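From first to last, the protein sequence lines stand for chains A and B. Numbering-wise, the first sequence is residues 1 to 373 according to the working numbering. Numbering-wise, the second sequence is residues 1 to 438 according to the working numbering. Reading through the structure tokens given below for one structure.
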Amino acid sequence: MTGVREPGAVSATRGRRQVPLPRLADPAAPLLVVEDLAVRFSLPSGSVKAVDGVSFRLDDGEALGIAGESGCGKTTTALSLVRLLPANGRIRSGSVKLFGIDLVPKTEKQLARYRWREISIVFQGAMNALNPVRRVGDQIAEPIEVRLGRSRDASRKRAAELLDLVGIPGQRASAYPHELSGGMRQRAMIAMALACDPAIVIGDEPTTALDVMVQAQILQLLERLRRELGLSLILITHDLSVIAETCDRVMVMYAGKVAEEGPVTRVFTAPRHPYTQKLLSSFPNIHADRRTLDVIPGQPPDLRNPPPGCRFAARCPFVMDVCREVVPPEVTFGDGVRVACHLYPGRDAAGPPPRVVGATRTCDAASSTDPAP
Amino acid sequence: MSDRATGPVDPHGPHGSTDPHDGHVHHEHGVAPHEPDPAAHADAAHLAAEHAAAHDPSRVHVPHPAHVHAPGAAPEPHVVGPELLRLEGLEVHFPVRGGVIDSLLRRTRGYVRAVDGIDLSIRKGEILALVGESGSGKTTTGRVVVKLTRQTGGRIVFEGEDISELWGTGRLRPYRRRVQLIFQDPYETLDPRHTVGAFVEEPLLVGTKRMPREERQRRVREALEAAGLRPASDFAARYPHELSGGQRQRVVIAGALVMDPELVVADEPVSMLDVSIRTELLRLMLDLRRSRGLTYLFITHDLSIAWVLADRIAVMYLGKIMEIGPAEEVIRAPRNPYTQALVSVSPSTDPPEPGAPARTILVGETPDAAQVPPGCRFHPRCPLAFDRCRVEEPPLVEVGEGHRAACWLSGVGPRDLPVIDAVAAAIPAGMPPPVATS
Numbered sequence: 001m002t003g004v005r006e007p008g009a010v011s012a013t014r015g016r017r018q019v020p021l022p023r024l025a026d027p028a029a030p031l032l033v034v035e036d037l038a039v040r041f042s043l044p045s046g047s048v049k050a051v052d053g054v055s056f057r058l059d060d061g062e063a064l065g066i067a068g069e070s071g072c073g074k075t076t077t078a079l080s081l082v083r084l085l086p087a088n089g090r091i092r093s094g095s096v097k098l099f100g101i102d103l104v105p106k107t108e109k110q111l112a113r114y115r116w117r118e119i120s121i122v123f124q125g126a127m128n129a130l131n132p133v134r135r136v137g138d139q140i141a142e143p144i145e146v147r148l149g150r151s152r153d154a155s156r157k158r159a160a161e162l163l164d165l166v167g168i169p170g171q172r173a174s175a176y177p178h179e180l181s182g183g184m185r186q187r188a189m190i191a192m193a194l195a196c197d198p199a200i201v202i203g204d205e206p207t208t209a210l211d212v213m214v215q216a217q218i219l220q221l222l223e224r225l226r227r228e229l230g231l232s233l234i235l236i237t238h239d240l241s242v243i244a245e246t247c248d249r250v251m252v253m254y255a256g257k258v259a260e261e262g263p264v265t266r267v268f269t270a271p272r273h274p275y276t277q278k279l280l281s282s283f284p285n286i287h288a289d290r291r292t293l294d295v296i297p298g299q300p301p302d303l304r305n306p307p308p309g310c311r312f313a314a315r316c317p318f319v320m321d322v323c324r325e326v327v328p329p330e331v332t333f334g335d336g337v338r339v340a341c342h343l344y345p346g347r348d349a350a351g352p353p354p355r356v357v358g359a360t361r362t363c364d365a366a367s368s369t370d371p372a373p
Numbered sequence: 001m002s003d004r005a006t007g008p009v010d011p012h013g014p015h016g017s018t019d020p021h022d023g024h025v026h027h028e029h030g031v032a033p034h035e036p037d038p039a040a041h042a043d044a045a046h047l048a049a050e051h052a053a054a055h056d057p058s059r060v061h062v063p064h065p066a067h068v069h070a071p072g073a074a075p076e077p078h079v080v081g082p083e084l085l086r087l088e089g090l091e092v093h094f095p096v097r098g099g100v101i102d103s104l105l106r107r108t109r110g111y112v113r114a115v116d117g118i119d120l121s122i123r124k125g126e127i128l129a130l131v132g133e134s135g136s137g138k139t140t141t142g143r144v145v146v147k148l149t150r151q152t153g154g155r156i157v158f159e160g161e162d163i164s165e166l167w168g169t170g171r172l173r174p175y176r177r178r179v180q181l182i183f184q185d186p187y188e189t190l191d192p193r194h195t196v197g198a199f200v201e202e203p204l205l206v207g208t209k210r211m212p213r214e215e216r217q218r219r220v221r222e223a224l225e226a227a228g229l230r231p232a233s234d235f236a237a238r239y240p241h242e243l244s245g246g247q248r249q250r251v252v253i254a255g256a257l258v259m260d261p262e263l264v265v266a267d268e269p270v271s272m273l274d275v276s277i278r279t280e281l282l283r284l285m286l287d288l289r290r291s292r293g294l295t296y297l298f299i300t301h302d303l304s305i306a307w308v309l310a311d312r313i314a315v316m317y318l319g320k321i322m323e324i325g326p327a328e329e330v331i332r333a334p335r336n337p338y339t340q341a342l343v344s345v346s347p348s349t350d351p352p353e354p355g356a357p358a359r360t361i362l363v364g365e366t367p368d369a370a371q372v373p374p375g376c377r378f379h380p381r382c383p384l385a386f387d388r389c390r391v392e393e394p395p396l397v398e399v400g401e402g403h404r405a406a407c408w409l410s411g412v413g414p415r416d417l418p419v420i421d422a423v424a425a426a427i428p429a430g431m432p433p434p435v436a437t438s
């Protein structure tokens, strides 16, 4: 759970791969580099700028959490990596480089090589994502057989191994999805996502519909898989606690743009962007004092006509004149945190130490552990 | 959710900007947010006041000083009144039938013990959170209270009157006016073909004596405004698809408010919503309690929401109450290992630290309520289970002021987390089970 990676980690993780890298892969390139990604949805009422100039990077064995409210573009960003967008969605510009290979100009047919084999997805509703009339084991074996060209027996054997890996006893492979509990189905989904030994697994709200205890079990499983398999993970969720627990880095998105990005330990303990601050202080937390509960007044802008300056300006407690006119540039601080906010002007990477809005999170940490009188 | 839609009844409004410091940081270019946000402070004070006020002064429980002395706290005390609803030994057992033939012969193959003997009491103006995982029976309990599910045992007493055997649409009508249910999913509750106004008006059209049109419209307008949907006439004309998720849930709340109820049973009303919207709705519910004297039975799987909202928390597991007491006590000093585990895994945005207390992640899931384990029903998953737990079910016993827990260890349970490790260490192997003190 550290933001710093060993230099040798790249080759170590790639060395574990049981399947060959794509032919065009550059072994020295970073795992995933997304630059200036822009996605539009065309609607009868206009074009929605759902993702607007998003850049980020994911290294081998790293877990990145993408956080934000509904409609902030976090799911769109992740789905556009393998172009699984709805029919009216288009990548307008930018690049998605996996092992140095740009996936954006690829045709649908060429992209098939990367979908599921290199980038797989664990969806939110496991009940909807699994086929109700097929046995779980067969559903996991299918991509191994079809995409990797293994024999049926070998695929079945691998499926059983995968089920075992995610904590489902081997004999449950012959069960149908409805015979499994919610937590077990989510485990099966994870096994399916791991089937082709992909370079990246995307989790789209993987624990949202689950009970707290089952959620903790699934997060524990992801943690173990990361450790054992060197899994590279992108976790999309509106639940900041999931990211705090599982990820190395977090990218907070607001209205299609990156508000703040950096190591979880930095961003969650000393958030710089007012939106991140508000988001954290509105999170109900039983380990903190009750009064930390905060609200973010207003609502996100209409992305058909986004405001000219900072998109958070209308809701920001620190709004200045410049915020309404000029899009804030991204500034990177010495601790690796990238922020797009006019409160941190220029290229001054040193910057002032950030303070938390509401000033309750850090100071209450001590008192909150006191037993009740 | 627009600004005007939040906290409509709060005179010390979070967005009132009466703070003289407001704005002084804002227009200086390049100043880091050193100053705590005044708005955030007012919000915090407001919530703190709610909680401080919600505590009956006669209780021994001392509120956290921070709650009381929060700057700008609203002085208006919140008084918890006499008992409104009481459940006595409530049981809901659903027969398990193997198929058509079993059904025809009325032959059963056992029972699903969804609710298995619970006692609860809610006082007027109180917020009681019923917390549990799927299969705990919390939703069934809520459905029994609103008379959508028939209990198989026990009594329901509302304002001193036994309503257990009150059935039939006509006879139930007066009760249903006073007790309203809010569901989890506003997408399913709202009919996409009806306007918001029509949805809110609908309950007023039920019954033999029709309310005059003007009266109905006035009440719809009031309900929408009380739920923070202003201007009401604008929202009344809209269709559900024209609203955001938070606004939809406000419409559902308005639909409950229009009957001017006394008790609101809210079943996971904010679970589907984003965190910031969720917080707004929780504040709205607190505001409504104050302005309308509402009482809530709040059903949730999320202990942290219960923590923010509730005066008292009841934790259910497999049809039984495992622990019940003031929110501060149940969260800060849980006495049942199940509660302790739930507290330890409750979501937190603090990144894990090496020295942090270990989380207790229970193995497995809640068992089938058709096969309730003997003894303490939690014993197969309990990290502290010993022989007595396997054969004898622990009763709910007093462990503090208004705080009861069902566990053979609750009498010796220490108060600091991680409790489980500490208790396990404190009991040598072979030691006779401690007797719960009362």
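Yeah, the Cβ is synthetic: ideal placement off N, Cα and C, and Gly gets one too. Predicted model only: the values in this text are computed from it and were never measured.
Cutoff 9 angstroms: residue i Cβ touching any chain A Cβ
i        : result
B:Asp274 : yes
B:Arg59  : With a pLDDT of 34 at B:Arg59, under the threshold of 50, the predicted position of this residue should be treated as unreliable, though the coordinate-derived value follows. For B:Arg59, the answer is no, since every Cβ of chain A falls outside 9 angstroms of its Cβ.
B:Leu318 : no
B:Ile101 : no
B:Ser121 : no
B:Glu133 : yes
B:Thr349 : yes
B:His301 : yes
B:Gly245 : yes
Presumed contact (8 angstroms Cβ cut-off) between residue i and residue j, rounded CB distance
i        : j        : result
B:Pro326 : B:Asp311 : 7 angstroms
A:Gly230 : A:Asp60  : 7 angstroms
B:Val92  : B:Thr152 : 6 angstroms
B:Pro373 : B:Pro380 : 5 angstroms
Proximity winner among the options, relative to residue i (alpha-carbon distances)
i        : options                                   : result
A:Asp227 : A:Val242, A:Ser241, A:Leu210 and A:Asp248 : In the sequence as presented, Asp is not what sits at residue 227 of chain A; that position holds Arg. Closest by alpha carbon: A:Asp248.
B:Gly319 : B:Lys138, B:His379 and B:Leu288           : B:Lys138
A:Val295 : A:Pro306, A:Asp302 and A:Arg315           : A:Arg315
B:Glu439 : B:Val252, B:Gly170, B:Ser164 and B:Glu159 : What is shown of chain B runs 1 to 438, which leaves residue 439 of chain B out entirely.
A:Thr276 : A:Ala67, A:Trp116 and A:Pro329            : A:Ala67
A:Pro105 : A:Leu219, A:Asn128, A:Leu37 and A:Ser42   : A:Leu37
A:Ala63  : A:Arg113, A:Gly334, A:Ser232 and A:Phe318 : A:Ser232
B:Ala333 : B:Ser346, B:Pro231, B:Val100 and B:Gly400 : B:Gly400
B:Val96  : B:Thr108, B:Glu88, B:Pro261 and B:Glu126  : B:Thr108
B:Ser304 : B:Val270, B:Val363, B:Phe183 and B:Val265 : B:Val270
B:Asp162 : B:Leu84, B:Glu392, B:Arg283 and B:Ile101  : B:Leu84
Residue-chain proximity (residue i, chain B), Cβ-Cβ < 9 angstroms
i        : result
A:Gln299 : yes
A:Asp164 : no
A:His390 : Chain A is shown from 1 up to 373; residue 390 of chain A falls before or after that span and cannot be answered.
A:Pro20  : no
A:Ala244 : yes
A:Glu261 : no
A:Asp239 : yes
A:Glu69  : yes
A:Gly170 : no
A:Val264 : yes
Cβ-heavy atom distance, residue i to the ligand GTP, below 8 angstroms
i       : result
A:Arg92 : Among the components of this structure there are no ligands whatsoever, and the ligand GTP is therefore not found.
Pairing CB atoms from the segment 53-61 of chain A with CB atoms from the segment 277-289 of chain A, are three or more of them under 8 angstroms?
-> no
What are the residues in the segment 145-178 of chain B lying within 8 angstroms of chain A by C-beta distance?
none
Specify whether the segment 89-97 of chain A and the segment 263-271 of chain A touch according to this definition: at least 3 beta carbon pairs, one from each stretch, less than 8 angstroms apart. Flag = no, the segment 89-97 of chain A and the segment 263-271 of chain A do not touch.
> Going along the chain, which residues of the segment 269-294 of chain A sit with their C-beta nearer than 9 angstroms to a C-beta in chain B?
Replying inline: Thr269, Arg272, Pro274, Gln277, Lys278, Leu279, Leu280, Ser281, Ser282, Phe283, Pro284, Asn285, Ile286, His287, Ala288, Asp289, Arg290, Arg291, Thr292, Leu293 and Asp294
Residues of the segment 210-232 of chain A with Cβ closer than 7 angstroms to any Cβ of chain B, in chain order:
Asp211, Val212, Met213, Val214, Ala216, Gln217 and Gln220
**Message:** Counting beta carbon pairs with one atom in the segment 201-219 of chain A and one in the segment 234-253 of chain A, are three or more of them shorter than 8 angstroms?
**Reply:** yes
What residues in the segment 123-155 of chain A have a beta carbon less than 9 angstroms from any beta carbon of chain B?
-> none
Exercise for review: Check each residue of the segment 251-283 of chain B: if its Cβ is closer than 7 angstroms to any Cβ of chain A, include it; give the result in chain order.
Suggested key: Identification of residues in the segment 251-283 of chain B having a C-beta nearer than 7 angstroms to some C-beta of chain A yields Asp274, Val275, Ser276, Thr279, Glu280 and Arg283, given in sequence order.
Can you find at least 3 beta carbon pairs, one from the segment 188-200 of chain B and one from the segment 277-287 of chain B, that sit closer than 8 angstroms?
-> no
Pairs of beta-carbons, one from the segment 129-137 of chain B and one from the segment 288-302 of chain B, closer than 8 angstroms: are there three or more? Between the segment 129-137 of chain B and the segment 288-302 of chain B, the count of C-beta pairs closer than 8 angstroms reaches three or more; the two stretches touch.
Is it a yes or a no for the segment 259-273 of chain B touching the segment 174-183 of chain B, going by three-plus beta-carbon pairs under 8 angstroms? yes
### Residues, ordered as in the chain, of the segment 180-191 of chain A that lie near chain B by beta-carbon distance below 7 angstroms
Ser181 and Gly183
Item to complete: May I ask you to list, following chain order, the residues of the segment 304-333 of chain B that have a beta carbon less than 7 angstroms from some beta carbon of chain A?
Response: Ser304, Ile305, Trp307, Val308, Glu328, Glu329, Ile331, Arg332 and Ala333
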